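Below: the structure, in structure tokens.
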Ligand code: AMP
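In our numbering, the protein residues as written are 751 to 1213.
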């Protein structure tokens, strides 16, 4: 059923040479640029997800979930036909109904579509969304650059005041503070499409004499999307940027005023920022303020290492045929943030480790164990077990490996007597108690050990 599943204009033999080398038979492996986020990484991901959610809710953003598949023209019309994303990186294919569809490369365009499609202009403005989920770009995979990656983002529709831009930057900064990653804010203004077009004429005239010496990619940019020359990574082009005209000098009065006010608000809340005249962000829909969060201490302006970015997009809703509505937002790159946390040795546990282990001997004990689990779950005490093992010795070995404080042992005799054994794993001391009291006895023992009430948590942590 599935048709053409390669991005337009890509050279599959070049981009996927490693995939192509893999044997067609045997165990299927991951596609290049895709990866599994393993259980041992989930602690960091939970930290990121929980922090985004807490902040978004604190600033009254409503969660929205958007589909990963959209009509491809949604992105062509908004991100822009001459951008790298649309030209080279989108997973575009024809679906079984013969429609051209794309795996979303980002979510702002979808948020704008949803805003229009659900008549949200009629709601009290601004409408504030937050989301998280996978995005897809068929870019060259490298460190911190994947073909499926995750973003969390905040979008505000229906407000043009500069305070919105400043508050979004503030929220981003607070997010990074909260998870323990210091970042620098880089900021610029790219004005309105009108002042940008006058600036672009000037920029093209500046670069034209050097055209023949420009690297191929930048020659193409000069012709199709000259603004992107400003964030070129090519040494030759970067050498020319020092004397290139700067967009800030071409802003009209209204754009200048908007930018100045954003900066004043940032000063007011003491958010340090760096003006970066070369920051343009890749997408056509941006207007006025653009910003990025760069990891602090790192050789900065390589767009590739940005941990997040965003800006104002006052024309976006209009581009999609909706009533012109201003907007502003940003997204953070969750994969890069998780990596940065790992580099700093920040590795919170995925969930509180179980402090109690349940060892059973025989079927009757297994059955009683099922009920017991429910009682511990209701009390919020996680219990581990090794249901596949029968011998007590083997089960105690697992309990030891897990480092639990207490093991509950239930054999045939205890089932018949209505009792259960509690073993203190450190001292090896065992006592037999009335099975109906086991939860409260364990609760007491755990409180004594830690001095706190056990955390509420799901019941089973499988071994
Ligand atoms: P963008 O709007 O393209 O700047 O994306 C926002 C953030 O998402 C970036 O600052 C990165 O942290 C992250 N990001 C973008 N593309 C990728 C990718 N291919 N792999 C991993 N993270 C990415």
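All C-beta atoms, glycine included, are put in the ideal place defined by N, C-alpha and C.
Please read all numbers here as calculations on a predicted model, not as lab measurements.
Tell me where the beta strand (DSSP E) around residue 1184 begins and ends. Sequence index remark: in the chain shown, residue 1184 carries index 434 (1-based). Per DSSP, residue 1184 belongs to the beta strand (DSSP E) from 1180 to 1184.
Going by CA-CA distance only, name the one from 1067, 796, 920 that's closest to residue 900. Counting from 1 along the chain shown, the entry for residue 900 is found at position 150. It is 796.
Check this for me: beta carbons of residue 1170 and residue 1185, under 7 Å apart or not? Locating residue 1170 in the chain shown gives position 420, counting from the first residue. Locating residue 1185 in the chain shown gives position 435, counting from the first residue. Yes, they are a contact pair.
List the residues that DSSP assigns as beta-bridge partners of residue 1078. By one-based count along the chain shown, residue 1078 stands at place 328. BP columns for residue 1078 point to 906, 1062.
Can you tell me where the alpha helix (DSSP H) holding residue 1088 begins and where it ends? Mapped onto the chain shown, residue 1088 falls at position 338. Segment 1084 to 1093, the alpha helix (DSSP H) holding residue 1088.
Classification of residue 890 by the beta-carbon crowding that lies within 10 angstroms, buried from 16 upward: The sequence position of residue 890 within the chain shown is 140, counting from 1. Note on residue 890: under 16 other CB atoms within 10 angstroms of its CB, so exposed under the neighbour-count rule.
Validate contact between the region 873 to 888 and the region 814 to 833 using beta carbons, cut 8 Å, 3 pairs: Judged by pairs of C-beta atoms under 8 Å, the region 873 to 888 touches the region 814 to 833, as three or more such pairs exist.
Since residue 1104 and residue 1133 should fall inside the 8 Å C-beta cutoff, what is the C-beta to C-beta distance between them, to a whole number of angstroms? What you label residue 1104 is simply residue 354 of the chain shown in a count that begins at 1. What you label residue 1133 is simply residue 383 of the chain shown in a count that begins at 1. Under the criterion of beta carbons closer than 8 Å, residue 1104 and residue 1133 qualify as touching, at roughly 6 Å.
Comparing C-alpha positions only, which one of 1180, 857, 1197, 1165 sits nearest to residue 1120? Looking up residue 1120 in the chain shown gives position 370. Looking at the Cα atoms, 1165 is the closest of the given residues.
Going by DSSP, name the residue or residues bridged to residue 1108. Counting from one through the chain shown, the residue named residue 1108 turns up at place 358. Looking at the DSSP assignment, residue 1108 forms a beta bridge with 1135, 1158.
Among 1195, 893, 1140, the one whose alpha carbon lies nearest that of residue 1093: Stepping through the chain shown from its first residue, residue 1093 is reached at position 343. With distances taken between Cα atoms, residue 1093 lies closest to 893.
List the whole-angstrom C-beta distance separating residue 1065 from residue 1035, where the pair is believed to meet the contact cut-off of C-beta under 8 Å. By one-based count along the chain shown, residue 1065 stands at place 315. By one-based count along the chain shown, residue 1035 stands at place 285. Their Cβ separation, rounded to whole angstroms, is 6 Å, which keeps residue 1065 and residue 1035 in contact under 8 Å.
Spatially closest choice to residue 990 from 1057, 823, 1097, 968, by CA coordinates: One-based indexing of the chain shown puts residue 990 at position 240. Considering only alpha carbons, the answer is 968.
In this structure, does DSSP put residue 943 in helix, strand or coil? For the purposes of this step, residue 943 is taken as the residue at position 193 of the chain shown. Of the three classes helix, strand and coil, the one that applies to residue 943 here is helix, per DSSP.
Residue 1121 lies in the beta strand (DSSP E); which residues open and close that run? Position 371 of the chain shown, counted from the first residue, corresponds to residue 1121. That residue, residue 1121, is in no beta strand (DSSP E); its alpha helix (DSSP H) goes 1113 to 1129.
Considering only residues of the same chain and omitting the five flanking positions on each side of residue 987, which have a CB-CB separation below 8 Å? For this step, residue 987 is matched to residue 237 along the chain shown. Same-chain partners within the cutoff: 964, 965, 968, 979.
Helix or strand or just coil, what does DSSP make of residue 708? Residue 708 lies beyond the stretch modelled for the chain, which goes from 751 to 1213, so this question has no answer here.
Name the two residues that bound the continuous alpha helix (DSSP H) containing residue 852. Here residue 852 corresponds to residue number 102 of the chain shown, with the count starting at 1. Segment 850 to 853 is the beta strand (DSSP E) holding residue 852; no alpha helix (DSSP H) there.
CA nearest to the CA of residue 1078, picked from 1017, 1145, 903, 1128: Position 328 of the chain shown, counting from 1, holds the residue named residue 1078. Of 1017, 1145, 903, 1128, the residue nearest in Cα terms is 903.
Any heavy atom of the ligand AMP closer than 6 Å to the beta-carbon of residue 1059? Locating residue 1059 in the chain shown gives position 309, counting from the first residue. Correct: residue 1059 has its Cβ closer than 6 Å to the ligand AMP.
Residues near residue 928 in its chain [Cβ-Cβ closer than 6 Å; skip 5 each side]: One-based indexing of the chain shown puts residue 928 at position 178. Within the same chain, 801 come within 6 Å of residue 928 by CB-CB distance, once the 5 residues on both sides are set aside.
Determine the extent of the beta strand (DSSP E) in which residue 865 is found, giving its start and end residues. Against the chain shown, residue 865 aligns to sequence position 115. No beta strand (DSSP E) contains residue 865, which is instead part of the alpha helix (DSSP H) from 858 to 867.
Unbroken beta strand (DSSP E) run spanning residue 838, endpoints: Position 88 of the chain shown holds residue 838. Where residue 838 is concerned, there is no enclosing beta strand (DSSP E), given that its DSSP letter is neither H nor E.
Quick one: what's residue 884 bridged to in DSSP? The residue given as residue 884 occupies position 134 in the chain shown. Partner residues in the beta bridge of residue 884, as assigned by DSSP, are 900.
Please tell me whether residue 1085 and residue 1028 are closer than 7 Å, where the distance is taken between their beta carbons. Position 335 of the chain shown, counting from 1, holds the residue named residue 1085. Position 278 of the chain shown, counting from 1, holds the residue named residue 1028. It is not a contact, given that the beta carbons lie outside the stated cut-off.
Hey, could you find the ends of the beta strand (DSSP E) residue 814 is sitting in? Numbered from 1 along the chain shown, position 64 holds the residue referred to as residue 814. Per DSSP, residue 814 belongs to no beta strand (DSSP E) and is neither H nor E.
Does the Cβ-Cβ distance between residue 1061 and residue 1039 come in under 7 Å? Along the chain shown, one-based indexing puts residue 1061 at 311. Along the chain shown, one-based indexing puts residue 1039 at 289. Their beta carbons are under 7 Å apart, which means residue 1061 touches residue 1039 by this criterion.
Taking only three categories from DSSP, how would you classify residue 1023? Position 273 of the chain shown, counting from 1, holds the residue named residue 1023. Correct three-state label for residue 1023: strand.
Just the C-alpha distance for residue 946 and residue 977, rounded to the nearest angstrom, thanks. Against the chain shown, residue 946 aligns to sequence position 196. Against the chain shown, residue 977 aligns to sequence position 227. Taking the straight line from one Cα to the other gives about 9 Å.
Could you tell me the distance, in whole angstroms, from the CA atom of residue 930 to the CA atom of residue 1089? Taking the chain shown and counting its residues from 1, the one referred to as residue 930 is at position 180. Taking the chain shown and counting its residues from 1, the one referred to as residue 1089 is at position 339. Using only the alpha carbons, I get a separation of about 13 Å.
Determine the burial state of residue 693: buried for a count of at least 16 other Cβ atoms within 10 Å of its Cβ, exposed for fewer. Only positions 751 to 1213 of the chain appear in this structure, which leaves residue 693 out of reach.
Enumerate, from N- to C-terminal direction, the unbroken beta strand (DSSP E) stretches of 3 or more residues contained entirely within the region 916 to 998. 933 to 939
Please confirm whether any heavy atom of the ligand AMP lies closer than 6 Å to the CB of residue 1129. Here the question's residue 1129 lines up with position 379 in the chain shown. No, the Cβ of residue 1129 stays beyond 6 Å of every heavy atom of the ligand AMP.
Given the structure, does residue 899 come close to the ligand FAD, in the sense that its CB is under 6 Å from one of the ligand's heavy atoms? The ligand content of the structure shown is limited to the ligand AMP, which means the ligand FAD is not among them.
Spatial distance of residue 1073 from residue 868 (CA atoms): The count along the chain shown starts at 1 and reaches residue 1073 at position 323. The count along the chain shown starts at 1 and reaches residue 868 at position 118. Cα-Cα distance, rounded: 13 Å.
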